[in-house]
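Position 214, counted from 1, in the sequence shown is what UniProt numbering calls 214; the numbers after and before it change by one each time, with no gaps.
Glycine included, C-beta positions come from ideal geometry on N, C-alpha and C.
One structure is given below, encoded as structure tokens.
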Amino acid sequence: MFVVVGGAGLIGLRIVNSLLLVMLLTGIATTVMAEDNAKDLKSFYRGKRILWVDSYDAGYAWSSGIEKGLRVALYGSGVELKIFQMDTKNHLEEDFHRQAGRRAKKIIEEFRPDVVIASDDNAQRFLVVPYLKDTALPVVFCGVNEDLANYGYPSSNVTGMIEDEMAEGLVMHLRRLAKGDRAGFIGADVNTNRIVADQYNQRFFDGRMRCYLVRSFAEFKEAFLQVQQEVDMLFFRNHVGLTGWDAAEAEAFVAAHTTVPSGSVLPWMQPFNLLTIAKVAEEQGEYAATTALRILAGARPADLPVERNRLAHLVVNLKMAKAAGLVLPVSLLQTAEVIGQEVYKKDAAPLSEAR
1 MFVVVGGAGL IGLRIVNSLL LVMLLTGIAT TVMAEDNAKD LKSFYRGKRI LWVDSYDAGY
61 AWSSGIEKGL RVALYGSGVE LKIFQMDTKN HLEEDFHRQA GRRAKKIIEE FRPDVVIASD
121 DNAQRFLVVP YLKDTALPVV FCGVNEDLAN YGYPSSNVTG MIEDEMAEGL VMHLRRLAKG
181 DRAGFIGADV NTNRIVADQY NQRFFDGRMR CYLVRSFAEF KEAFLQVQQE VDMLFFRNHV
241 GLTGWDAAEA EAFVAAHTTV PSGSVLPWMQ PFNLLTIAKV AEEQGEYAAT TALRILAGAR
301 PADLPVERNR LAHLVVNLKM AKAAGLVLPV SLLQTAEVIG QEVYKKDAAP LSEAR
């Protein structure tokens, strides 16, 4: 199920089925490029170019989701899409990030796009801010976690969509299930996790949340055991960036040692957490491409307000509930996709044969 979030928070939650996502991703096809005038629009956009600069890589699930949204929104438009991936998840050195920004700048000079789409924070920090902001080239950002003021956004040629963590609901549910209010944050020691951990700490826990950011799977296992003794609820936001990560081993390890309720906002973290209120990457890509088309049609970035994502996917993992010894409210189970039921099937006593 998908949750539509009003404004920046979870006020007035509404549960809708996956048809809403299909409608969202195909909305541009029915509102901008209906079949009866698709040929005219293709002629209108012919020769137009969009460059998507992705902070990460094609193998990263978040980037893959953004690309799906982009391609659905651009389908049939006739716009030429070029992709450059900075690969900053796999290379944590700042010098590499700066070089990636310079490579993206060179591609812009060679490709001469009409609009640049820049996804996630490193594309802003190492490309848009030093080279593109306040120039004549329109930029649409998406997937940005950092405070926009730190980038000087919005500016005359830049607009976009913030990546709202939508963590209010996650915090609310974990607090209801936790025995106390001691919170912890664990994950890979990468820029986005550092930004988000600080946001959680200041926004929800008055600076009292403990952070356990590590570089390797071995360090993670050590920290995970420690955190079970020191907190009442845990945010295991993202493992991407941990060297030596083994998903199957990690799932078994976490299930064997979880004692507190845990949660994330990223869909690939469902196997390792009790609750996931996952953001939908396709929403970011669809918005960015649709906004780029509006700019190509004559809109000015300065006239397009910055927006926030509104879709989330609620998942409950019964394997982690059992590991932590938690009984979940029926109301929560009724509004979520439920996974991990197999742990209870294993414990069910076989029915005796009728005599």
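Check	Outcome
Skipping 5 residues on each side, what residues in its chain have a beta carbon closer than 6 angstroms to that of Phe217?	Leu242, Gly244 and Trp245
Go ahead and pull the three-state DSSP assignment for Leu137.	coil
In terms of residues, what are the limits of the beta strand (DSSP E) holding Lys279?	Leu275 to Lys279
Helix, strand or coil: which one does DSSP assign to Trp52?	strand
Report the option in Asp303, Ala118, Val306 and Met320 whose CA atom is closest to the CA atom of Thr258.	Met320
For Leu351, which residues of its own chain have a beta-carbon under 6 angstroms away from its beta-carbon, when the five flanking residues on both sides are left out?	Residue confidence is low: Leu351 scores 41 on pLDDT, short of 50, so the model does not pin down where it sits. No coordinate-derived value is stated.
Could you pull the DSSP bridge partners for Met320 from this structure?	None; Met320 has no bridge partner.
What ranges does the alpha helix (DSSP H) occupy inside the region 257–314, keeping only unbroken runs of at least 4 residues that lie completely in it?	281–296
If Leu266 and Val316 are in contact, beta carbons under 8 angstroms, what's the gap, nearest whole angstrom?	About 15 angstroms separates the two Cβ atoms, so there is no contact after all.
Taking the beta strand (DSSP E) that Ser119 falls in, what are its first and last residues?	Val115 to Ser119
Which of the three DSSP states, helix, strand or coil, is assigned to Ala58?	coil
In chain order, what residues of the same chain have a beta carbon less than 6 angstroms from the beta carbon of Ala281, not counting five sequence neighbours either side?	Trp62, Gly65 and Ile66
Rounded to a whole number of angstroms, what is the C-alpha to C-alpha distance between Met269 and Leu296?	37 angstroms
Using three-state DSSP, classify Phe236 as helix, strand or coil.	strand
Residues in the same chain with beta-carbon distance under 6 angstroms from Tyr212, minus the five sequence neighbours each way, listed in chain order, please.	Ile186, Ala223 and Val227
Excluding five sequence neighbours on each side, which residues of the same chain lie with their C-beta closer than 7 angstroms to the C-beta of Lys68?	Glu282 and Gly285
Between Ala278 and Pro154, what straight-line distance do the alpha-carbon atoms span, to the nearest angstrom?	26 angstroms
Could you name each continuous beta strand (DSSP E) segment of 3 residues or more that falls completely within the region 64–117, going from the start of the chain to the end?	80–85
For Met172, does the three-state DSSP call read helix, strand or coil?	helix
Is the region 293–307 in contact with the region 201–209, if contact means three or more CB pairs nearer than 8 angstroms?	no
Classify Ala58 as buried or exposed, calling it buried when 16 or more other Cβ atoms lie within 10 Å of its own Cβ.	exposed
Could you check what DSSP says for Arg210 in three-state terms: helix, strand or coil?	strand
Quick one: Cα of Arg182 to Cα of Lys89, how far?	30 angstroms
Helix, strand or coil for Val216? Go by DSSP, reduced to three states.	Correcting the residue identity first, residue 216 is Ser in this sequence and not Val. Strand at Ser216.
Under the three-state reduction of DSSP, which class applies to Leu21: helix, strand or coil?	Bear in mind that the predicted position of Leu21 carries a pLDDT of just 48, short of 50, making it unreliable; the figure below should be weighed with that in mind. Helix, per DSSP.
Quick check on DSSP: helix, strand or coil for Ala183?	strand
So the alpha helix (DSSP H) Val327 belongs to, where does it begin and stop?	Per DSSP, Val327 belongs to no alpha helix (DSSP H) and is neither H nor E.
According to DSSP, is Ser156 helix, strand or coil?	coil
List the endpoints of the continuous beta strand (DSSP E) containing Val338.	Glu337 to Ile339
For Ala252, name the three-state secondary structure that DSSP assigns.	helix
Enumerate in chain order the residues of its own chain whose CB-to-CB distance from Glu251 is below 7 angstroms, with the five nearest sequence positions on each side excluded.	Pro271 and Phe272
In whole angstroms, give me the CA-to-CA distance for Ala167 and Gly160.	20 angstroms
Can the beta-carbon of Asp54 be found closer than 8 angstroms to that of Ala123?	yes
Have a look at the DSSP bridge pairing and note the partners of Ala188.	Val214
Could you check whether the Cβ of Arg125 sits closer than 7 angstroms to any heavy atom belonging to the ligand ZN?	Among the components of this structure there are no ligands whatsoever, and the ligand ZN is therefore not found.
Around the Cβ of Val330, are there at least 16 other Cβ atoms within 10 angstroms (buried) or fewer (exposed)?	exposed
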